[in-house]
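Notes follow the structure.
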Amino acid sequence: MFEGSGSEEISMEDEMNRVKTGIPGFDELCGGGLIRDRSYLVSGTSGAGKTNFSVQYIYNGITKYGENGIIVATEERPEQIRENVMKFGWDLQALEDEGKLVIIDACSTKIGIPSQEKYVDVRPFDTRSMMDQIISTQEEINAKRALIDSTTSISFYLHDPAKIRVELLKLSTTLEVIGLTSLMTCEIVDENSPARFGVETFVTDGTVVLHNAMHDNVRTRTMEIFKMRGSNHSKKLHPYDITPEGFVIHPHEEVYTSF
Numbered sequence: 005m006f007e008g009s010g011s012e013e014i015s016m017e018d019e020m021n022r023v024k025t026g027i028p029g030f031d032e033l034c035g036g037g038l039i040r041d042r043s044y045l046v047s048g049t050s051g052a053g054k055t056n057f058s059v060q061y062i063y064n065g066i067t068k069y070g071e072n073g074i075i076v077a078t079e080e081r082p083e084q085i086r087e088n089v090m091k092f093g094w095d096l097q098a099l100e101d102e103g104k105l106v107i108i109d110a111c112s113t114k115i116g117i118p119s120q121e122k123y124v125d126v127r128p129f130d131t132r133s134m135m136d137q138i139i140s141t142q143e144e145i146n147a148k149r150a151l152i153d154s155t156t157s158i159s160f161y162l163h164d165p166a167k168i169r170v171e172l173l174k175l176s177t178t179l180e181v182i183g184l185t186s187l188m189t190c191e192i193v194d195e196n197s198p199a200r201f202g203v204e205t206f207v208t209d210g211t212v213v214l215h216n217a218m219h220d221n222v223r224t225r226t227m228e229i230f231k232m233r234g235s236n237h238s239k240k241l242h243p244y245d246i247t248p249e250g251f252v253i254h255p256h257e258e259v260y261t262s263f
């Protein structure tokens, strides 16, 4: 257990209810992993590694824990995601070919370019159509994990913060009800705020903030578990590295700084 968190011994029942991310150092900081069938926000500035962190969660779920996954790509085309994470040795295409992973292209048609993907959200942007596709895909491959990358592009379509909150709540609740433990990424422009539109943290059960701030002419990468409902977690900033194998969190190191 991590130090200084007031953590208690994890019961066997609680352990079974945890979804391990398999990201080195992370599960230790939140009581053994994410709580099953809940949705979590992963927010951060550009370059913090939100997509890499979240894809690592999906990839580890399939390769380490036998839990199939869904990625809904709203901001990058699926081929870009595949190419970008291949540097870590994560062959997403192979997992797709094995029927263990589905990447839904919810980006191409929105920007007016054709898609060669098997799974494409071709309708005008609508959270209902997205949810329908996720539901049918979840049934097809018996997925247990999902990634929405990202909520920021969804929110730009909705404009009004009240509507953003309602639609994202519908999305996160649907993911939970159908049995998916999900990550939803969120871009931020202010290091002092965990969300872009101020409502994203209210519709998810937890928020992980990835900081990539400049201090004394050096960029420092730190992770903060901003909130996690129903779970004890570290309240401190912890450094992380993006290595050739992916994210590595340093749970026994702390960073004393302010943003």
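Be aware that the sequence shown starts at 5, since it is given in the numbering used here, and climbs by one per residue.
Cβ atoms here follow ideal geometry from the backbone N, Cα and C, with glycine treated the same way.
Nearest neighbour of residue i, chosen from the options [CA to CA]
| i | options | result |
| --- | --- | --- |
| SER186 | GLU71, GLY116, PRO82 | GLU71 |
| GLY36 | ALA110, SER238, PRO243 | SER238 |
| VAL46 | PHE57, ASN21, LYS167, HIS163 | PHE57 |
| LEU184 | GLU121, LEU38, ASP31 | LEU38 |
Straight-line Cα distance separating residue j from residue i
| i | j | result |
| --- | --- | --- |
| SER176 | SER43 | 6 Å |
| PRO248 | TRP94 | 11 Å |
| THR224 | THR208 | 27 Å |
| VAL89 | VAL252 | 15 Å |
| GLU258 | LEU241 | 6 Å |
| TYR61 | THR55 | 10 Å |
| ILE152 | VAL59 | 10 Å |
| MET227 | PRO243 | 6 Å |
| GLY53 | ILE246 | 8 Å |
Outcome for residue i when other beta-carbon atoms lying within 10 angstroms are tallied against a minimum of 16
| i | result |
| --- | --- |
| GLY210 | buried |
| ASN196 | exposed |
| VAL213 | buried |
| LYS134 | In the sequence as displayed, the identity of residue 134 is Met instead of Lys. Label assigned to MET134: buried. |
| ARG233 | exposed |
| PRO255 | buried |
| ALA98 | exposed |
| GLU171 | buried |
| ASP194 | exposed |
Nearest-angstrom beta carbon gap, residue j and residue i [assumed within contact, 8 Å]
| i | j | result |
| --- | --- | --- |
| ALA150 | ILE66 | Not a contact, Cβ separation roughly 12 Å. |
| THR155 | THR189 | 7 Å |
| GLU79 | SER157 | 5 Å |
| THR141 | VAL124 | Wrong, their Cβ atoms sit about 12 Å apart, outside the cutoff. |
Check whether residue i and residue j have beta carbons under 8 Å apart
| i | j | result |
| --- | --- | --- |
| VAL76 | ILE115 | no |
| ASN216 | GLY48 | yes |
| LYS68 | GLY26 | yes |
| ARG81 | LEU96 | no |
| ARG169 | VAL126 | no |
| ILE139 | VAL106 | no |
| GLU180 | ASP41 | yes |
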